[in-house]
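**Q**
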Amino acid sequence: MNRIFSGMQPTRQLHLGNYLGALRNWVALQDRYECIFCVVDLHALTQNQEPEVLRNNIREVAAAYMAAGIDPERNILFNQSYVPQHSELSWILSCHTPIGWLNRMTQFKEKAGKQREMANLGLYAYPVLMAADILLYKATHVPVGEDQKQHLELARDIAGAFNRHYGVDLFPLPEPQILGEATRVMSLRDGTKKMSKSDESEYSRINMTDDADTIAQKIRKAKTDPEPLPGTVEDLEKRPEADNLVTIYAALSGESRAATVERFAGARFSDFKSSLVDVAVETLAPITARMNALMADKGEIDRLLRAGGERAAAMAETHLAEVKDVIGLLRPGAGS
Ligand code: AQP
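For any residue, its number in the numbering used here is found by taking its place in the sequence shown, counting from 1, and adding 1477.
#1: Is the number of C-beta pairs between the region 1517 to 1537 and the region 1746 to 1755 that are closer than 8 Å three or more?
#2: When you compare only the Cα positions, how much space is there between residue 1695 and residue 1803?
#3: Do residue 1592 and residue 1620 have their C-beta atoms closer together than 8 Å?
#4: Pairing CB atoms from the region 1707 to 1718 with CB atoms from the region 1761 to 1777, are three or more of them under 8 Å?
#5: How is residue 1606 classed by DSSP in three states: helix, strand or coil?
#6: Our contact map puts residue 1656 next to residue 1680 with C-beta atoms below 8 Å; I'd like the distance itself, whole angstroms only.
#7: In terms of residues, what are the limits of the alpha helix (DSSP H) holding residue 1577?
#8: Assign residue 1673 to one of three DSSP states: helix, strand, or coil.
#9: Is the beta carbon of residue 1782 less than 8 Å from the beta carbon of residue 1555?
#10: Could you pull out every residue in the same chain whose Cβ sits closer than 6 Å to the Cβ of residue 1741, ignoring the five residues on either side in sequence?
#11: Can residue 1497 be considered in contact with ligand 2, in the sense that its beta carbon sits closer than 7 Å to one or more heavy atoms?
#12: Residue 1645 by DSSP, collapsed to three states: which one?
#13: If you measure from the CB of residue 1633, is any heavy atom of ligand 1 nearer than 7 Å?
#14: Can you name, in chain order, every residue of its own chain whose Cβ lies under 7 Å from the Cβ of residue 1560, other than the five neighbours on each side?
#15: Keeping to the same chain, check which residues put their C-beta closer than 6 Å to that of residue 1605; ignore five residues upstream and five downstream.
#16: Nearest by alpha-carbon distance to residue 1546: which of 1558, 1564 and 1508 is it?
#17: In its own chain, which residues sit with a C-beta less than 7 Å from the C-beta of residue 1523, not counting the 5 before and 5 after it?
#18: From what residue to what residue does the beta strand (DSSP E) around residue 1485 run?
#19: Going along the chain, which unbroken runs of the beta strand (DSSP E) with 3 or more residues stay wholly within the region 1695 to 1744?
#20: Flag residue 1728 as yes when its Cβ comes closer than 7 Å to any non-hydrogen atom of ligand 1, and as no otherwise.
#21: At a threshold of 7 Å, does residue 1485 count as lining ligand 1 (C-beta to nearest heavy atom)?
#22: Which two residues bound the contiguous alpha helix (DSSP H) that contains residue 1563?
#23: If the criterion is Cβ atoms closer than 8 Å, does the pair residue 1564 and residue 1658 meet it?
#24: What are the residues that DSSP puts in a beta bridge with residue 1620?
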């Protein structure tokens, strides 16, 4: 049985990196896998959240999933905090995870920065909760952007360590699926930095809720270099901003990067950016319109999340009971 688990944090609005690096791939995968798509709201608590804003963001991420084409009937779509077994398994796994493994996580180092001593424990333990999310459903595949590869490797290590420690074959080792042309979309202001929700500059990213004028403005202001576009992909090396815009164009238009550079060889950035605006608006505008329509009925989003949460909880409860039996925890209704 191949089963997918993946999720996004409801920390501010989703952006083009989330869409091209993950969400768009999920839509294609739902035809081939049993899929569980989660709004990972507990992960969002590693950053400061305003309760009302968080509530809205959880619904908005769920709306983005559905607007992009995720079917909540065919797949399980829910928010993480609805299923308490995520937190419970996270604790159990954290007791099987050496601190040295967590000390290697580059995302913690980047996010904690110079404030390492003040960073919260949740941010440090984030990859263990992520492992619990995946292993709770015995997911075999996890479609993610490139930035999550290290966390996925850790999830595999934790699953393997647990299985070996108890001499069982309980958790499959989850495979990362890093798909498409745009596995790492970079900031529009700095081609060496990942496009991220938490970047201070609104001009660094295109949000999935941006209207056509905003998208055009952000692309026109995107940083470039003084040279025209090159004729080969190799010539994009050492030109991070050009490389990023070409990658975004290729991913949005569905053609390869090589075909994109061939078509725009020698073009000025102003002309290339006009074509990029067209293809970005053409792709995102219908999704944004569907998101807005879904967000007009928040009660219906809540109902769908609840229904998905009940389906997820049923599977989570069965798998967590297996974990408890393996490690020797007593639970109501279990035999001796
Ligand atoms: N820039 C990106 N390029 C490609 N894929 C990306 N993803 C995120 N940014 C890019 C992928 O989107 C999925 C969900 O990510 P997330 O929201 O859970 O957290 P994140 O990776 O930490 O994203 P951000 O935007 O950087 O959020 P903040 O700033 O709040 O931490 C994942 O599959 C991720 O790989």
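From the three backbone atoms N, C-alpha and C, an ideal C-beta is built for every residue, glycine too.
**A** Once the coordinates are examined:
#1: Contact between the region 1517 to 1537 and the region 1746 to 1755 is absent, because fewer than three Cβ pairs lie under 8 Å.
#2: The C-alpha of residue 1695 lies about 53 Å from the C-alpha of residue 1803.
#3: No, the pair does not count as a contact, with Cβ atoms beyond the cut-off.
#4: No, the region 1707 to 1718 does not touch the region 1761 to 1777.
#5: Here residue 1606 sits in helix by DSSP.
#6: No, residue 1656 and residue 1680 are not in contact; Cβ-Cβ is about 28 Å, not under 8 Å.
#7: DSSP places residue 1577 inside the alpha helix (DSSP H), whose first and last residues are 1576 to 1580.
#8: It is coil, neither helix nor strand.
#9: In this structure, residue 1782 lies near residue 1555, with their beta-carbon atoms less than 8 Å apart.
#10: Excluding sequence positions up to five before and after residue 1741, its CB lies within less than 6 Å of the CB of 1706 and 1749, all in the same chain and listed in chain order.
#11: This structure does not include ligand 2; its bound ligands are ligand 1.
#12: The answer is coil: DSSP assigns residue 1645 none of H, G, I, E or B.
#13: No, the beta carbon of residue 1633 sits no closer than 7 Å to any heavy atom of ligand 1.
#14: Excluding positions up to five away in sequence, the list reads 1786, 1789, 1790 and 1793.
#15: Here the set comprises 1567, 1570, 1571 and 1574.
#16: If we check each option's Cα against that of residue 1546, 1508 comes out closest.
#17: The beta carbon of residue 1523 sits closer than 7 Å to the beta carbons of 1597, 1599, 1600 and 1603 from its chain, once the five residues preceding and following it are set aside; these are given in chain order.
#18: It spans 1480 to 1485 - the beta strand (DSSP E) in which residue 1485 sits, taken as one unbroken run.
#19: Here no run is fully enclosed.
#20: Residue 1728 Cβ: outside cutoff for every heavy atom of ligand 1.
#21: Because some heavy atom of ligand 1 lies under 7 Å away, the Cβ of residue 1485 counts as near it: yes.
#22: Under the DSSP assignment, residue 1563 falls in the alpha helix (DSSP H) whose first and last residues are 1562 to 1571.
#23: Residue 1658 is positioned such that its CB atom lies no closer than 8 Å to that of residue 1564.
#24: Beta-bridge partners assigned by DSSP to residue 1620: 1654.
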